[in-house]
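Notes to accompany the following structure.
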Amino acid sequence: MAKLRIAGTWVGVIDLELENWTVAMLREEVAKRSNAQRPDSINLISAGKVLKDGDGSQNLTQLGIRNNAKILATRVSVDEGKSLEQELMAEEERSRRLARVKAAATALSKRHVDGSLPIEDFNIELENQGGQKVQLGTETDQRAVMMGLMLHENAKNLLTRQLYKDALEVLTMGEEAFSLCDPKVLEFIDNVPILQIDMVWCYFLLRDISWLSVAGIRLEKAREGLERCHGKDFSRVRLLQAGCQPELALHMRLELLEGVVAYHNGQLDKSKKALTSAQAKFSQLQVPDEALSHVMSMGFKERDARRALRLNNQDIGRAVDFLFEEKAKRKQKREDDIQHKIEIMELKQYGVTPLKKAVNVEKLKELVAIGFEKKLAAEALRRNENDFQKALDDLTNPETNSAIQLDIESRKRKREQRAVNARIEELVSMGFDRSRVVAVVQAGETMEQTMSRLLPEVDPLLAFDANSSGNPASEASNLNPDSVEGPLTADEERDVEMEDELARDIGKADALSDYDIEVTKEGEAIQEYLALLASTDSKEALSLC
């Protein structure tokens, strides 16, 4: 007779014969002694391994259980096996999603920096806080910054949805992307120090003190970066933002986190100083109900009114001016977006250069301003890989100019023939006789007229409906009558869903998004740690007594 020492759900010793007992029998005995309703709610662990029932053919001796062995018994949910499996599946799905985010950001930044013809109806460009386009360093630097910004925006969206672990993963990817950029390029960009603060904020929200030492280093870098970008007295950022005070909430979060890190490192005086300063900034950010009501009475939504007052130090006049300026900027942005879409449609008509780049819009505008016909100028740039001087030489040379015009006309005729062939095939697929279709289509009539001639008795409106749901290839040819063939990345090779999500994230952002922080959680955290400091002070006072 052997003895097994049980700990956990039930504590005691069970006498048994190891050669005759199986795991299932032992589980049932432990369940009985611990008053568990079902044996399968008991987990048995020996030497760090979970004991499985198996097929019941092996006894405890065969499984390596010896006399006086210690067995840990734990009680679990009956459905824990299922929940563990679901948890594993969820983790796998989460890993896949994060990989998709990184891949989509990489693909978008590459396409929108290297001059490739946009696949989408939008173009992503880097802008400063004033809304002007900027060129940062080399193409590699541009791509790294763009990728870092996209990932940062996506992480902020995850933070808003309280997916803190995912947000931290994406922020880490963003940090890696920024690290690929020349450090000198990043010196006066505040996105990197803000990302550092957001990473430490994630540590705090996850309540993970294992990151304590790293958090302190990140916050030091963040403070240095912000002082370099904003100025020690915030003069630079306020000048850029026309006198408003957007940085207050960001610096409040920074000081809060500095206070938390100092507290856990035993630096209580430093912690109190940082937290007191954060509390003062938090008080400044509280919007009075009267001011909020006044601004809202002018027709503004509560969230917009609160944001405007917070960014303008509760000054009602400046807040209202700010809101009207923001409204004008949004209107201008919508108009610019429409213009960008028109330009992109034009670019798709012109095709791609030998190196698969889009025609450079700015250089095209220069050539048109000189007096050259737009399609002709676009083709000259396309042929010459956007080299302005070479394109100008071709346009001013009568022979090459004539050759370009002939080439444009030749390709146009080929495309028109393809459109005719597509229409013929479409009508033949409807059951019409090919010879009759060819004769009618080659008359050069519209689809509505063609259908009317093929089916005289059909209502013209019905014929028009048939045209509107016609062959996609034919419609594409009509939309791009002057396009130049060039291999574009197929939608099947893109993660369109994830790319669209990233594009929406950055589309919602503006120059003040990084500073527009809802400070409720910060306020609660400040009170929590000030209370902890007060408790520590009280204990010290009692010990002195």
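According to UniProt numbering, the stretch in the sequence shown is residues 1 to 545, in order.
Glycine included, C-beta positions come from ideal geometry on N, C-alpha and C.
Spatial neighbours of residue i in its chain, beta-carbon cut-off 8 Å, leaving aside the 5 residues before and after
i    : result
E385 : T353, P354, L355, K357
L533 : Y263, L268, S271, K272, L275
D190 : G225, L226, C229, H230, V237, D514
I408 : K375, L376, E379, D482
I316 : A291, H294, V295, L309
A391 : K363, L367, A377, A380, L381, R383, N384
E302 : L292, M296
Integer-rounded CB distance, given that residue j should sit under 8 Å from residue i
i    : j    : result
Y529 : V260 : 6 Å
L151 : A105 : 5 Å
V441 : V420 : 6 Å
V368 : K375 : The Cβ separation is near 10 Å, so there is no contact.
L257 : V200 : 5 Å
L16  : A2   : 6 Å
L406 : F372 : About 16 Å; that fails the 8 Å criterion.
N312 : F300 : Not quite, the Cβ-Cβ distance comes to about 13 Å (not below 8 Å), so this is no contact.
D500 : A103 : Actually they are not in contact, since the Cβ atoms of D500 and A103 sit about 14 Å apart, beyond 8 Å.
Helix, strand or coil at residue i [DSSP, three-state]
i    : result
K357 : strand
R253 : helix
D393 : helix
N43  : strand
V170 : helix
G12  : strand
L4   : strand
A534 : helix
T74  : strand
K49  : strand
V352 : strand
A69  : strand
M298 : coil
I517 : coil
M430 : coil
V113 : coil
V200 : helix
Contacts around residue i, its chain only, beta-carbon distance under 6 Å, and the 5 residues preceding and following it disregarded
i    : result
R207 : none
A463 : Unreliable placement is indicated for A463, whose pLDDT of 38 sits below 50; the coordinate value is still reported in the next sentence. Excluding positions up to five away in sequence, the list reads E448, M451, S452.
S109 : R143, M146, M147
I517 : A249
K70  : R5
L51  : V23, L44
Q279 : I526
K333 : none
V13  : K3, R5
G137 : D182, V185
Y203 : W211, A215
Exposed unless 16 or more other CB atoms sit within 10 angstroms - verdict on residue i
i           : result
I370        : exposed
G174        : buried
V359        : buried
V214        : exposed
A403        : exposed
M252        : buried
Q196        : buried
A531        : exposed
T22         : buried
N154        : buried
residue 546 : Since the first and last residues shown for the chain are 1 and 545, residue 546 lies out of range.
D393        : exposed
D433        : exposed
N467        : Because N467 sits at a pLDDT of 39, beneath the cut-off of 50, its placement in the model cannot be relied upon, and the point is left open.
G266        : exposed
A305        : buried
M498        : buried
D505        : buried
I344        : buried
P288        : exposed
residue 546 : One cannot answer for residue 546 here, as it falls past the ends of the chain, which runs 1 to 545.
E91         : exposed
Own chain residues within Cβ distance below 7 Å of residue i, not counting five before or after
i    : result
R223 : L254
S46  : I65, A69, I71
L205 : Y164
P460 : With a pLDDT of 42 at P460, under the threshold of 50, the predicted position of this residue should be treated as unreliable, though the coordinate-derived value follows. E448, S452.
N20  : N59
Beta carbon proximity, residue i to chain C, threshold 8 Å
i    : result
Y350 : In the structure shown, chain C cannot be found, because there is only a single protein chain.
Worksheet item: Are there three or more Cβ pairs, one per stretch, closer than 8 Å when the segment 5-13 is compared with the segment 48-65?
Response: Result no; under three Cβ-Cβ pairs closer than 8 Å.
Worksheet entry | At least three beta-carbon pairs within less than 8 Å, the segment 508-527 to the segment 167-176 | Verdict: no, contact absent.
Worksheet item: Okay, do the segment 25-43 and the segment 94-105 touch, 3+ Cβ pairs below 8 Å being the bar?
Response: Contact between the segment 25-43 and the segment 94-105 is not established, with fewer than three Cβ pairs separated by less than 8 Å.
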